[in-house]
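The numbering of the sequence shown is the UniProt record's numbering, which starts it at 1 and goes up by one. Glycine included, C-beta positions come from ideal geometry on N, C-alpha and C. Bear in mind that the values here come from a model prediction, so they are computed numbers and not experimental data. What follows is one structure encoded as structure tokens, with my remarks underneath.
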Amino acid sequence: MMQVKTQAIKRSNAWFHSSDGIINFIFTQKEAVFGFVIAALIIVIAIAASVIAPNDPLKVNMSMRLTDPSLLYWLGTDNLGRCIASRLIWGARMSLIYSLCVLGLMMAISIPIGLLSGYAGGHIDTFIMRVIDIFLSLPTFLMALAIAGMLEPSARNMIIAMASVWWAPYARIIRGMAMQIKQQDFMLAAKAAACTHTQIIFRHILRNIAPTIIVMATLEIGSIILAIASFSFIGLGAQPPTPEWGVMLSDSKEFMQTQPQLMIYPGLAIMITVMAFNLLGEGLKNAIQK
Numbered sequence: 001m002m003q004v005k006t007q008a009i010k011r012s013n014a015w016f017h018s019s020d021g022i023i024n025f026i027f028t029q030k031e032a033v034f035g036f037v038i039a040a041l042i043i044v045i046a047i048a049a050s051v052i053a054p055n056d057p058l059k060v061n062m063s064m065r066l067t068d069p070s071l072l073y074w075l076g077t078d079n080l081g082r083c084i085a086s087r088l089i090w091g092a093r094m095s096l097i098y099s100l101c102v103l104g105l106m107m108a109i110s111i112p113i114g115l116l117s118g119y120a121g122g123h124i125d126t127f128i129m130r131v132i133d134i135f136l137s138l139p140t141f142l143m144a145l146a147i148a149g150m151l152e153p154s155a156r157n158m159i160i161a162m163a164s165v166w167w168a169p170y171a172r173i174i175r176g177m178a179m180q181i182k183q184q185d186f187m188l189a190a191k192a193a194a195c196t197h198t199q200i201i202f203r204h205i206l207r208n209i210a211p212t213i214i215v216m217a218t219l220e221i222g223s224i225i226l227a228i229a230s231f232s233f234i235g236l237g238a239q240p241p242t243p244e245w246g247v248m249l250s251d252s253k254e255f256m257q258t259q260p261q262l263m264i265y266p267g268l269a270i271m272i273t274v275m276a277f278n279l280l281g282e283g284l285k286n287a288i289q290k
């Protein structure tokens, strides 16, 4: 009995033992390495924003509005005399915090629902899948916009609106993976070893699909950051004077023709960040599927 249980646990932990090979494979891909380096740099900047930023991102100085780059203001100032570089640096932190909140809440919904649906089967699976089909039949982004529009504009309500509709496709993917894992021989061994349903779901099924979940999460960060900027740009996300890239784009749209750099800087920040996480996610995806 102990040998059977050990076999099941070893099979469910197999991907952990191959982590070195996955990392080595990732670093053989130039695009993945580039994405990893840029993403790591952005994360470091976000963490150390309070140290790196040359000025207070919220400080208004109308006597210094729309100035050119200088030693004090690395990228110049905006229409309220605030340091653009400082707001960009703090914007990295805010964008990552918001995206991780959305991602965490979304996965907290999709993982349990997907695992329950795939493992339980029967009427429970049928009911859950019908609910998921309803969510998938509607435009996800528009649904999130509608929910955010009905709530008071704020970063918190934006996060709730996005997570409340974006969980469905991932729950469906997780459900499919759980159904595949449930049919494997080592699952029979786990049941023969008298493992409880909770142990089977979390120790064997979840651990086996964890690499794919990590890839999905990494690939989704870029899309979430882009969506967060979009919500903030139209006034349904982070609110001024929050140093967030979408807010910066919204504040500078009136100066698009006379001071285009006010929109170029946050736009480039969004583009580079999304590209970095997408490249990193593709590298992880290729490594898992190799």
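Cβ neighbours of residue 102 within its own chain (closer than 6 Å, five residues either side excluded): 159, 162, 163, 224. With respect to residue 76, residue 63 sits apart: the two C-beta atoms are not nearer than 9 Å. Residue pairing by DSSP leaves residue 258 without any beta bridge partner. Non-local C-beta neighbours of residue 67 in its own chain, meaning closer than 7 Å and more than five positions away in sequence, comprise 73, 76, 77, ordered along the chain.
Looking at the backbone, the Cα of residue 125 and that of residue 96 are separated by about 34 Å.
Within the segment 219–266, complete beta strand (DSSP E) segments of at least 3 residues are not found at all.
Between residue 115 and residue 173, the C-beta spacing is not below 9 Å.
Non-local C-beta neighbours of residue 145 in its own chain, meaning closer than 6 Å and more than five positions away in sequence, are absent. If the five residues before and after residue 41 are omitted, its C-beta is found closer than 8 Å to no C-beta atom of its own chain. The residue from 45, 71, 79, 69 with its alpha-carbon nearest to that of residue 58 is 79. Annotation: residue 204 is outside any alpha helix (DSSP H) and is labelled neither H nor E by DSSP. Residue 88 is classed as buried because its beta carbon has at least 16 other beta carbons within 10 Å across all chains shown. Contact between residue 204 and residue 190 holds: CB atoms are separated by about 5 Å, below the 8 Å threshold. Contact check for residue 107 and residue 210: beta-carbon distance about 11 Å, past the 8 Å limit, so the pair fails to qualify. Rounded to whole angstroms, the gap between the alpha carbons of residue 235 and residue 215 is 31 Å. By the criterion of a C-beta distance shorter than 7 Å, residue 90 is surrounded in its chain by 49, 53, 57, 243, once the five residues flanking it on both sides are discounted. In the three-state reduction of the DSSP assignment, residue 77 falls in the strand class.
Between the alpha carbons of residue 264 and residue 147 lies a distance of about 30 Å. Secondary-structure assignment with DSSP links residue 83 through a beta bridge to 77.
Around the C-beta of residue 188, fewer than 16 other C-beta atoms lie within 10 Å, and the residue is accordingly described as exposed. For residue 200, the CB contacts under 8 Å within the same chain, skipping 5 residues up- and downstream, are 119, 187, 190, 191 in chain order. Inclusion of residue 206 and residue 232 in the CB contact set at 9 Å is not warranted, their separation being larger than that value.
Membership of residue 58 in any alpha helix (DSSP H) is not indicated, and neither H nor E is assigned to it by DSSP.
Nearest neighbour of residue 241 by Cα position, chosen from 122, 154, 139, turns out to be 154.
Cβ-Cβ separation between residue 92 and residue 45: approximately 5 Å, consistent with a contact (criterion under 8 Å).
Residue burial annotation: residue 86 is buried, with at least 16 other C-beta atoms found within 10 angstroms of its C-beta.
DSSP, read as helix, strand or coil, puts residue 195 in coil. Distance from the CA of residue 139 to the CA of residue 284, rounded to the nearest whole angstrom, comes to 28 Å.
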